[in-house]
Amino acid sequence: MHPSASIDDFLNAPLGRYYAGRTHVLWVRSHTLAGAIYFDRPGARDAADLFRLAPLTFDPGLSDPYDALVDASLLRELEEGAFSTLVEHLAGARSFSARIRRVALVRPQGVTGAAIAGLFFEAVREHFEAALFAHRSEAMAWFGRADAGAANADLDALASAVCGPHPLVRQLRDYLATALDDASLDTAARALGVSSRSLQRKLSEASTTFSGELEGARVREAERLLLHTDDKIEAIARATGCVSTSHFGKMFRAATGESAADFRARRRR
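This note's numbering puts the sequence shown at residues 811 to 1079.
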């Protein structure tokens, strides 16, 4: 599949092409197979893209019916704005249900996966022949397509090229999310089953570093605690493994451009 220069470019001629947004990729492999990959942390600012891409469902180049595969396995979190957009889109599912033969959803793990699974059973299965899977290869096999193997290989390549870092980097991020208080290069490498040198090499290949990933994990956890708890800044600094409140404040401002207090106040207005 070939990349599109813009949403309009993609919608004008989607067959054999894809459009990559900040946290999503919509693709049309053939007139009988289309879908999307969602990754990282979609938020409200991604909603505009998703609304503009909605006409793809009715593209005349797609067969009546076609198979749709939604791969959300790379999602880290779904912010409220993006979740609301998804709910609104699915509320109109009846209008395009006749166009789709089968819908396969590949779910992420954890709380995000549970939320998506609940929405799936409430809104998707009511209108489509649909099923939920843990892995994309299983979803592709369920379609019963002769080109399942080749299609899955194409999507592997697309996800690798567009959706973010090497799988080991994603594994490190998942590990750090639960080990902020005592994380080190050596302990992380042992947890991931690789040598420290191998982990450093993979991080370098992905244009990142262990210290950068650790700081990113601390900032993400700090943002979560600032938004969803009333914990004091000092407590959040300790919870994220920072050596002092001063160190936490400098790190957070460098990453976000504002103080933790301002971040909390602005988001809670």
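Cβ atoms here follow ideal geometry from the backbone N, Cα and C, with glycine treated the same way.
Rounded distance between the beta-carbons of residue j and residue i, thought under 8 Å
i, j, result
"HIS812", "GLY831", "16 Å between Cβ atoms; not a contact."
"ILE1046", "LEU1037", "With 8 Å as the limit, ILE1046 and LEU1037 do not qualify as a contact, their Cβ atoms being about 11 Å apart."
"ALA1064", "ILE1043", "Incorrect: roughly 16 Å between the Cβ atoms, too far for contact."
"ALA951", "ALA958", "6 Å"
Contacting residues, own chain, Cβ-Cβ under 6 Å from residue i (five flanking each side not counted)
i, result
"LEU978", "LYS1012"
"GLY920", "none"
"THR922", "LEU885, GLU887, LEU888"
Span of the beta strand (DSSP E) around residue i
i, result
"HIS834", "834 to 840"
"ASP881", "876 to 885"
"LEU942", "940 to 943"
"GLY845", "843 to 850"
"LEU915", "910 to 916"
Nonlocal neighbours in the same chain, by C-beta distance under 7 Å from residue i, ignoring five residues either side
i, result
"ALA990", "Looking at the sequence shown, residue 990 is not Ala but Leu. Cβ neighbours of LEU990 beyond the five flanking positions: ALA1027, ARG1028, GLU1031, THR1050, GLY1051."
"ALA949", "LEU879, ALA914, VAL916, PHE943"
"ASP856", "GLY831, ARG832, THR833, HIS834, ALA892"
Beta-carbon proximity check, residue i vs residue j, cutoff 9 Å
i, j, result
"PHE868", "PHE820", "no"
"ARG946", "PRO918", "no"
"PHE849", "VAL838", "no"
"ARG911", "PRO870", "no"
"PHE931", "ASP877", "no"
"ILE847", "VAL972", "yes"
Boundaries (first-last residue) of the alpha helix (DSSP H) holding residue i
i, result
"ASP818", "817 to 822"
"VAL921", "920 to 929"
"PHE1020", "1020 to 1038"
"ALA830", "No alpha helix (DSSP H) contains ALA830, which is instead part of the beta strand (DSSP E) from 827 to 830."
"HIS937", "Run containing HIS937: none; DSSP gives neither H nor E here."
"ARG1007", "1006 to 1015"
"ALA989", "Here ALA989 belongs to no alpha helix (DSSP H), and DSSP marks it neither H nor E."
Cβ neighbours of residue i in the same chain (closer than 8 Å, five flanking residues each side left out)
i, result
"SER816", "TYR829"
"ILE926", "ALA882, LEU885, LEU888, LEU915, ARG917, PRO918"
"SER873", "HIS841, THR842"
"PHE1073", "GLU1033, LEU1036, PHE1062, THR1066"
"LEU1009", "LEU978, LEU982, LEU995, ALA998, ALA999, LEU1002, PHE1020"
"ASP859", "ILE817, GLY831, ARG832, HIS834"
"GLU1025", "MET1061, ALA1065"
"ASP964", "MET811, ARG839"
Outcome for residue i when other beta-carbon atoms lying within 10 angstroms are tallied against a minimum of 16
i, result
"THR988", "exposed"
"ASP763", "Residue 763 lies beyond the stretch modelled for the chain, which goes from 811 to 1079, so this question has no answer here."
"ASP818", "exposed"
"GLU1023", "buried"
"ASP992", "exposed"
"PHE861", "exposed"
"PRO865", "exposed"
"ASN962", "buried"
"SER814", "buried"
"GLY845", "buried"
"ALA956", "exposed"
"ASP966", "exposed"
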